[in-house]
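**Student:**
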Amino acid sequence: MADGREHREYRMEELAEEAGITVRTLRFYRERGLIPPPRREGRIAWYDDHHLARLRTITGLLERGHTLNGIADLAATFESGRDVAEVLGLGEPTEETPVRLTPEQLADYFEGEVTPENLATALDLGYLATDGDEIVHISRRLLEVSAELVREGVPLSTVLSSGRRVREHADALAEIFVRVLHAHTKETEPAQLRPLARAVVDAELSMALDRRLRREDGTQPPKSG
DNA sequence: ATTCTTACA
DNA sequence: TGTAAGGA
Numbered sequence: 001m002a003d004g005r006e007h008r009e010y011r012m013e014e015l016a017e018e019a020g021i022t023v024r025t026l027r028f029y030r031e032r033g034l035i036p037p038p039r040r041e042g043r044i045a046w047y048d049d050h051h052l053a054r055l056r057t058i059t060g061l062l063e064r065g066h067t068l069n070g071i072a073d074l075a076a077t078f079e080s081g082r083d084v085a086e087v088l089g090l091g092e093p094t095e096e097t098p099v100r101l102t103p104e105q106l107a108d109y110f111e112g113e114v115t116p117e118n119l120a121t122a123l124d125l126g127y128l129a130t131d132g133d134e135i136v137h138i139s140r141r142l143l144e145v146s147a148e149l150v151r152e153g154v155p156l157s158t159v160l161s162s163g164r165r166v167r168e169h170a171d172a173l174a175e176i177f178v179r180v181l182h183a184h185t186k187e188t189e190p191a192q193l194r195p196l197a198r199a200v201v202d203a204e205l206s207m208a209l210d211r212r213l214r215r216e217d218g219t220q221p222p223k224s225g
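The end of the first sequence is residue 225 by full-length UniProt numbering, with every number in the run present.
#1: Considering Cα atoms alone, identify which of P195, R64, D202, S146 is closest to E95.
#2: With DSSP as the reference, please indicate the residues paired to H137 in a beta bridge.
#3: By the three-class DSSP mapping on this structure, what secondary structure does I21 have?
#4: Would A19 and L52 qualify as a contact pair, given that the criterion is a beta-carbon distance under 8 Å?
#5: Just to check my reading of the structure: R164 and L125 have Cβ atoms closer than 8 Å, yes? What is that Cβ distance to the nearest angstrom?
#6: For E41, which three-state DSSP category applies?
#7: Going by C-alpha distance, which of A208, D73, I58, S161 is nearest P116?
#8: Measuring CB atoms only, is the stretch 132–139 touching the stretch 95–105, in the sense that at least three cross pairs come out at less than 8 Å?
#9: Taking C-beta to C-beta, are T97 and R40 nearer than 8 Å?
Printed below as a string of structure tokens:
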């Protein structure tokens, strides 16, 4: 089986062989914080499938031209964002469907733009969370849209900072709807809340875009950014 | 003896 | 990144 991941543990030499690297390189990666510490049983270091997946990720990123230091920053970023998965992860009654990705797949979505800085921002925003060695994007729609924007030439850093601004306004809008409906109903979350709010915002945003485009149409040529 | 680390090349 | 030497 090509992708059958068995639940076993590896000694240093086994792991290195599976990952296609030398034991020395394995230790090197560990010294740089690129992989988590192994489970220690006396003097024996036991590695598991997570470590193996991580090593394959590192190899893949290196082949894509990433530097070891860059990968180290990336790894550190994800370690610190680990608990974000529980805070912002699932369990919330959202309509957004999360997407599980390997780091390689994420890199493919945002070709050449997956920098440690952007990752840190995405984690901070809660767009991304980590689950083991996989990445979870909280919203397939936001993932697709942001990837499309990047393909159109918008820097990912700009997409993310714009996302942060949109998030702030969206929070403000949500507060309005919750306040209004809560003041006139007993329920904590009436069934009409989401469709109502979405309809209003969709309509208002559509008209706001019309106004904005008309304004720019008269005096200035359309510009990107 | 085996497994891993330290230190040096 | 390889390897020799040494701790546990």
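Glycine included, every Cβ here is placed at the ideal spot set by N, Cα and C.
Treat the numbers as computed from the prediction; the structure is a model and nothing was measured.
**Tutor:** Reading off the structure:
#1: P195
#2: V99, L128
#3: coil
#4: yes
#5: 6 Å
#6: strand
#7: D73
#8: yes
#9: no
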